[in-house]
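Colleague: I'd like to ask some things about the structure below.
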Amino acid sequence: MALAKLQKVLISDSLDPCCRDILQAGGIQVLEKPGLSKEELLVEIADCDGLIVRSATKVTAEVLEAAERLQVVGRAGTGVDNVDVEAATRKGVLVMNTPAGNSLSAAELTCGMILCLARQIPQAAASMKEGKWDRKKYMGMELNGKTLGVLGLGRIGREVATRMQAFGMKTIGYDPIITPETSATFGVEQLPLEQIWPRCDFITVHTPLLPSTTGTAERQHLRQVPPGRAGGELRPWGHRGRGRAAAGAAVGAVRRGRPRRLHAGAPQGSGAGEPPQRHLLPAPGRQHAGGAEPLREGDSPCRWWTWPPGGGWPAW
Numbered sequence: 001m002a003l004a005k006l007q008k009v010l011i012s013d014s015l016d017p018c019c020r021d022i023l024q025a026g027g028i029q030v031l032e033k034p035g036l037s038k039e040e041l042l043v044e045i046a047d048c049d050g051l052i053v054r055s056a057t058k059v060t061a062e063v064l065e066a067a068e069r070l071q072v073v074g075r076a077g078t079g080v081d082n083v084d085v086e087a088a089t090r091k092g093v094l095v096m097n098t099p100a101g102n103s104l105s106a107a108e109l110t111c112g113m114i115l116c117l118a119r120q121i122p123q124a125a126a127s128m129k130e131g132k133w134d135r136k137k138y139m140g141m142e143l144n145g146k147t148l149g150v151l152g153l154g155r156i157g158r159e160v161a162t163r164m165q166a167f168g169m170k171t172i173g174y175d176p177i178i179t180p181e182t183s184a185t186f187g188v189e190q191l192p193l194e195q196i197w198p199r200c201d202f203i204t205v206h207t208p209l210l211p212s213t214t215g216t217a218e219r220q221h222l223r224q225v226p227p228g229r230a231g232g233e234l235r236p237w238g239h240r241g242r243g244r245a246a247a248g249a250a251v252g253a254v255r256r257g258r259p260r261r262l263h264a265g266a267p268q269g270s271g272a273g274e275p276p277q278r279h280l281l282p283a284p285g286r287q288h289a290g291g292a293e294p295l296r297e298g299d300s301p302c303r304w305w306t307w308p309p310g311g312g313w314p315a316w
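First residue of the sequence shown? That's 1 in full-length UniProt numbering, and the numbers climb one at a time after it.
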């Protein structure tokens, strides 16, 4: 898709200043206006050739219709859930994202959460702040020899798997796109989805939010986790597996003791768990901020999207 020279670009979410500098160095006029209301966005976008967003801005069909000169929408992040790609395609507007931009940051955060689950670090820290010393209560467990299940073996999933292998964990996984031969090259044995749950000590979900992935972790799956199993690192995320993949079912399962501990984190812009629903708050968890690493916002290769995006799961 050929683009005319961009003259004016609106940045409607907070980004690292280097993004603005790169555009201005190319002779492009840049408007930085994060936090616009829907009505304000409709006015500001009218004479812009480009729009750059993160998660807060919702690029709806109405916004696209108001953007008479718009040629391209860029999202500084992995998914495009907050962009109406179908409407953009009808209007001839190119939609781009940065699928590799947050991969390492998100993977490292996931590994940190697995460690927190295994050693009960947040609970122990909170206890210490209350002046308590519950040494036996927060003994934790070793990761060596435990099994990690990775649902979604794209960029983030495979980075998590390889890092946790360094702790001596066995990694198994599921992905309908990545072949077993490919996953074997980074140390993940692929199994049918229904065989994953009974074998795992920890489970991490890294799927994009698509009709085929919504509800990846359903109640019937979580019931297969043996009662009292040490952990369930259940992250309804993955850019963009999202909170809708598992959160409600997961909390119900942890209340029944399977798994014994749960981390459920819905990412920014997911449309699920933002702000977190009341029944999620007692679960030891953290909001998703996997891409909140400043340099990742300005140093990420792009990819383009049109509708439909090929069906199935994109090869993240």
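No residue lacks a Cβ here, since even glycine has one placed at the ideal position from N, Cα and C. Just so you know, these numbers come straight off a predicted model, no measurement behind them.
Ordered along the chain, which non-local residues of its own chain (more than five positions away) have a Cβ less than 6 angstroms from that of glycine 27?
Modeller: Counting only Cβ-Cβ distances below 6 angstroms, and skipping sequence neighbours, we find nothing.
Colleague: Is the segment 115 to 135 in contact with the segment 153 to 161, if contact means three or more CB pairs nearer than 8 angstroms?
Modeller: As far as the Cβ criterion goes, the segment 115 to 135 does not touch the segment 153 to 161, which means the pair count is below three.
Colleague: In chain order, what residues of the same chain have a beta carbon less than 7 angstroms from the beta carbon of valine 93, not counting five sequence neighbours either side?
Modeller: For valine 93, where only same-chain residues beyond five positions count, the Cβ hits under 7 angstroms are Leu64, Leu70, Gln71, Val72, Val73.
Colleague: Compare the beta carbon distance of proline 180 and glutamine 190 with 8 angstroms and say whether it is the shorter of the two.
Modeller: In contact: proline 180 and glutamine 190 (Cβ atoms closer than 8 angstroms).
Colleague: Roughly how many angstroms lie between the CA atoms of residue 317 and valine 188, to the nearest whole one?
Modeller: Nothing in the structure corresponds to residue 317, since the chain is present only between 1 and 316.
Colleague: When the Cα atoms are used, what is the spatial distance from aspartate 201 to leucine 148?
Modeller: Computed Cα separation, rounded: 6 angstroms.
Colleague: Near leucine 31, which residues of its chain fall below 6 angstroms by C-beta distance, leaving aside the five closest residues on each side in sequence?
Modeller: Leu10.
Colleague: Taking 8 angstroms as the threshold (C-beta atoms), are arginine 75 and arginine 90 in contact?
Modeller: No, these two residues do not count as a Cβ contact at 8 angstroms.
Colleague: Going by Cα to Cα distance, which pick from Val43, Ala125, Met128, Leu117 is closest to glycine 140?
Modeller: Nearest of Val43, Ala125, Met128, Leu117 to glycine 140, Cα basis: Leu117.
Colleague: Can you give me the Cβ contacts of leucine 23 inside the same chain, cut-off strictly under 7 angstroms, excluding the 5 residues immediately before and after it?
Modeller: Closer than 7 angstroms at the Cβ level, and outside the excluded window around leucine 23, lie Val9, Val30.
Colleague: Tell me which residue opens and which closes the alpha helix (DSSP H) that glycine 157 is part of.
Modeller: Residues 155 to 165.
Colleague: Which residues mark the beginning and the end of the beta strand (DSSP E) in which leucine 31 is found?
Modeller: Taken as a continuous stretch (DSSP letters only), the beta strand (DSSP E) holding leucine 31 covers 29 to 32.
Colleague: To the nearest angstrom, how far is the alpha carbon of lysine 146 from that of threonine 204?
Modeller: So the alpha carbons of these two residues sit roughly 14 angstroms apart.
Colleague: Kindly list the residues whose CB is nearer than 7 angstroms to the CB of alanine 184, restricted to its own chain and excluding five residues on each side of it in sequence; keep chain order.
Modeller: Same-chain partners within the cutoff: there are none.
Colleague: Report yes if the CB atom of leucine 6 is closer than 8 angstroms to the CB atom of glycine 50, and no otherwise.
Modeller: Result yes, Cβ atoms of leucine 6 and glycine 50 sit closer than 8 angstroms.
Colleague: So, glycine 168 versus leucine 143, is the Cβ gap smaller than 8 angstroms?
Modeller: It is a contact, given that the beta carbons lie within the stated cut-off.
Colleague: Taking the alpha-carbon positions, what's the arginine 135 to leucine 115 distance?
Modeller: Taking the straight line joining both Cα atoms gives about 17 angstroms.
Colleague: Name the DSSP beta bridge partners of threonine 171, please?
Modeller: Leu148, per the DSSP bridge assignment.
Colleague: Taking 8 angstroms as the threshold (C-beta atoms), are threonine 57 and leucine 42 in contact?
Modeller: Not in contact: leucine 42 and threonine 57 (Cβ atoms no closer than 8 angstroms).
Colleague: Enumerate in chain order the residues of its own chain whose CB-to-CB distance from alanine 292 is below 6 angstroms, with the five nearest sequence positions on each side excluded.
Modeller: Any answer about alanine 292 is weak, because its pLDDT of 49 lies below 50 and its placement is not dependable; what the coordinates show is given next. Cβ within range, chain order: n/a, list empty.
Colleague: Out of Gln165, Gln195, Tyr138, Ala100, point me to the one whose CA is closest to aspartate 175's CA.
Modeller: Looking at the Cα atoms, Gln195 is the closest of the given residues.
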